[in-house]
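What follows is one structure encoded as structure tokens, with my remarks underneath.
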Amino acid sequence: MRLIRLNRLSSLAFPQIRNLLGSGAVGGVALLICHLCSGCVLLYPAWKQLAPQARAELSSNIPHIALTQTEIAFAITLIGAVAGIVSHLFARGFGFRVSRLRVLLLTLGLIGLWTTRVIAQRPALLEDLLWRAGGIRAAAQVLIVERIGYRAIDLAIELLVALWLGAVLWRNRSRLRRTPVPIAAGLIVTLLIPLNPFRPHYRGVAKPVIVLAADSLRPDHFSSEGYFRSTTPNLDQLRKDAAWIPDFFSPIASTTASWASMLSGVYPHRHGVRDLFPRREESNLQLPTLPKILGAQGYQTVVVSDYAGEMFNRVRFGFDLIDAPPATSLEVFADREAFQRLPLAMALLTGSFGERLFPVGRYLPVNADPDLLADRVEAHLDRLASEGRPFLLVVFYSVTHLPFAAPMPDANAFTRPDYRGPSRYSYEIQQIGDISRLSARPSESEADQVRALYDGALRSFDRQVGRVVRRLEQIGLKREQRLLIITGDHGEGLFEPGVTTEHGKWFAGGEAANRTPLLIQGGGVSPGTKARLASGVDFFPTIADALQLPIPDGLDGVSLLREGDAERSVFAETALWLGGEASAPPGAIGYPPLVEILEVELDSHALVLKRAYVEATVTAKLRAIRKGPWELIYTPTKQLPRWQLFNLRDDPFAERELSNEYSETFRSLRSELIEWLTRDPLRWLDANDRLISRTEQ
Ligand SMILES: [Zn+2]
């Protein structure tokens, strides 16, 4: 009897399963063909545009590139197959006869709807193909992003699913009457899943430390600093009962080296990481660092980041867990450059799920959606809370870094609706080939647009700070049970007089590129503004002090929670000029462009500075001393060095040179800066204050 029933079931089910799989095949093949065609059309011109040297380097990686491309094509085929099956079920649910043509059209419709949804929420992803292409494509993007909007698309998708569900239930109403209880129970469970009443609570004794940092964070663009746009409602709220250090001067406005100084408490010439491409011997920090000393106290130390955080996998800071992109290697470079030119990969594989399959999505500058990062942060927080050990969680957001590609609704929160230039949703200069154009100053209206994009990115970071703080409260970490820190690795030039957006290149334009904020809240830290000049090297000792841990001897930084010297001097140096001689600051010593001064390190495969250029790049660095309102800048040139003195309080953009008028201040700062320069183990000063190799003297 049972056998007969099974037979009847299988005879019914097999043709249906076969049809379903057939629809999956139709969807998969259709999407694969779309992917291959668009890939050929877009990848080949990009390949042709590459410099011959870059093309030769990439050619040596053909097996890797071929494997990645096969994996992407396979994933897209699978997505097409799933869309085909969904299309089949969709048609069946509404009672339509299923044909191949119908499945094909429905599959393309579904993928089109999903792609439209992605464009509507993260408009920078396909901006090159839409807005920057002009004409009807640009108009279509504006229509999708600004007129329709992702919320309306979400609503349409939800409505469609509800209609389908309604149709299925209606068509199966006779069966429904026979089994109402299991179906009702299933529906209730589905609705309750997002509520999750089982969120873990932190029960540890020691205070966890949560650092929410954003790349290129500028305090003067915070609403609480009197900025004219409402950029930071959540940060302003936190500031009310936090210590606020608005003049946190980065010792080097370049991500990797700045983090090395923040986490080790010493200036770059002491930790040895002096640019974005340190070699293995510099990356193995042989110094006490914040993660190391907290680890020794039983803390679990975790860092989470998107694309700007690649250096957490490059420099050994001592974190237990690093959830960040791999260090930039030739393979990573090839993956990134190819991936961002594949429209279907960008649309279908850059969300939370896609990023898990293809982490390359996480290191695309146009895909620094802080919401995606916050998803990972919440998962880490839940896990860390449930484990009960104290923890240090460093989160480093890239959205505020060039190309300032915020998702909606922040991408156009502050921009002009009638803007017609190339940077509607993200600053156009974002590809590796654009480096040489970074130094060109755009028109004033373009500069205004870029500033508005930056402000939108800042609002987007602020939104995620609010989200993470809410999650901290949910897991039982209220203000006094935690130490919450908000900071940046440096500031950013936003076309102040004489500068572009090249942080780390110079000290022109005032403090924009080096100044970033530090906010410390909770754990017994007394609130209020600490107006004195601070340095990135103070980060490590200040957090150690807030946790009442001993501060290691010999650091350059001091705890900002203690009474400090109002006349303290802080120092800084510049990083690499990325575009070669042409991008060196005026009068400074140049060297060849990146493609010539970098090489692939043998075992790590990371792109590193060639040994032959370490000398030249360190010698060419500009240095600065800040003290009170004063800044003195040292520029090595091919002849004698140039010294420039500015009063940043009266002259915020450093336009009036004062060394003759204030010769005493000049002399005193110069001797302090020279004394600091001579501590550089790689450099020495000759009789004319020219930096030379120590072996040359
Ligand atoms: Zn940075």
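Each residue of the sequence shown is one higher than the last, beginning at 31 in our numbering.
By construction, the Cβ of each residue, glycine as well, lies at the ideal position given by its N, Cα and C atoms.
- Within the model, the alpha-carbon separation for R641 versus P308 is close to 10 angstroms.
- Distances from the CA of H231 to each of G521, I550, L707, E503 were compared; the closest alpha carbon is that of E503.
- By the criterion of a C-beta distance shorter than 6 angstroms, P238 is surrounded in its chain by P420, F421, R512, once the five residues flanking it on both sides are discounted.
- In the DSSP assignment, the residues bridged to V638 are E629.
- By a beta-carbon distance limit of 8 angstroms, S288 does not contact D586. Their separation comes to about 14 angstroms.
- The C-beta of S89 has fewer than 16 other C-beta atoms within 10 Å across all chains shown, which makes the residue exposed.
- 8 angstroms or more divides the Cβ of S359 from the Cβ of F426.
- Below 8 angstroms, enough C-beta pairs join the stretch 632-652 and the stretch 605-624 to call them touching: three or more.
- For ligand 1, a non-hydrogen atom lies closer than 7 angstroms to the CB of A338.
- The beta carbon of V529 sits closer than 6 angstroms to those of G523, A538, G539, all from its chain and outside the five residues before and after it, given in chain order.
- Counting only unbroken stretches of 4 or more residues, the alpha helix (DSSP H) elements lying wholly within the stretch 643-714 are 644-650, 693-707, in sequence order.
- Linking R592 to E629 through their CA atoms gives a straight-line distance of about 45 angstroms.
- In the displayed model, W200 falls within a helix according to three-state DSSP.
- For G142, the enclosing alpha helix (DSSP H) stretches over residues 130-151.
- Secondary structure in the stretch 558-633: the alpha helix (DSSP H) runs of 4 residues or longer, each lying completely within the stretch, are 569-576, 624-627 in chain order.
- A distance criterion of 7 angstroms places the beta-carbon of H299 beyond contact range of ligand 1, judged by its closest non-hydrogen atom.
- In terms of side-chain proximity, the C-beta atom of H65 is found no nearer than 7 angstroms to any non-hydrogen atom of ligand 1.
- The stretch 647-658 and the stretch 590-604 touch, with three or more beta-carbon pairs separated by less than 8 angstroms.
- Restricting attention to S723, K560, R493, the CA atom closest to the CA of N264 is found in R493.
- Distance from D485 to R259 at the Cβ level is roughly 5 angstroms; contact confirmed, criterion being Cβ atoms closer than 8 angstroms.
- Under a 10 Å Cβ-count criterion, V296 is classified as buried, with 16 or more other Cβ atoms of the shown protein chains found around its own Cβ.
- The beta carbon of S291 sits no closer than 7 angstroms to any heavy atom of ligand 1.
- Set against 7 angstroms, the gap from the CB of S335 to the closest heavy atom of ligand 1 is not smaller.
- A direct Cα-to-Cα measurement between H431 and S246 gives close to 6 angstroms.
- Residues close to ligand 1 by the beta carbon criterion (under 5 angstroms to any non-hydrogen atom) are, from first to last along the chain, D245, T285, D519.
- With 16 or more other Cβ atoms from the protein chains shown falling within 10 Å of its own Cβ, A290 counts as buried.
- For S313, no beta strand (DSSP E) run applies; the uninterrupted alpha helix (DSSP H) run containing it begins and ends at 310-313, by DSSP.
- Here Q83 is exposed: its Cβ has fewer than 16 other Cβ atoms, across all protein chains shown, within 10 Å.
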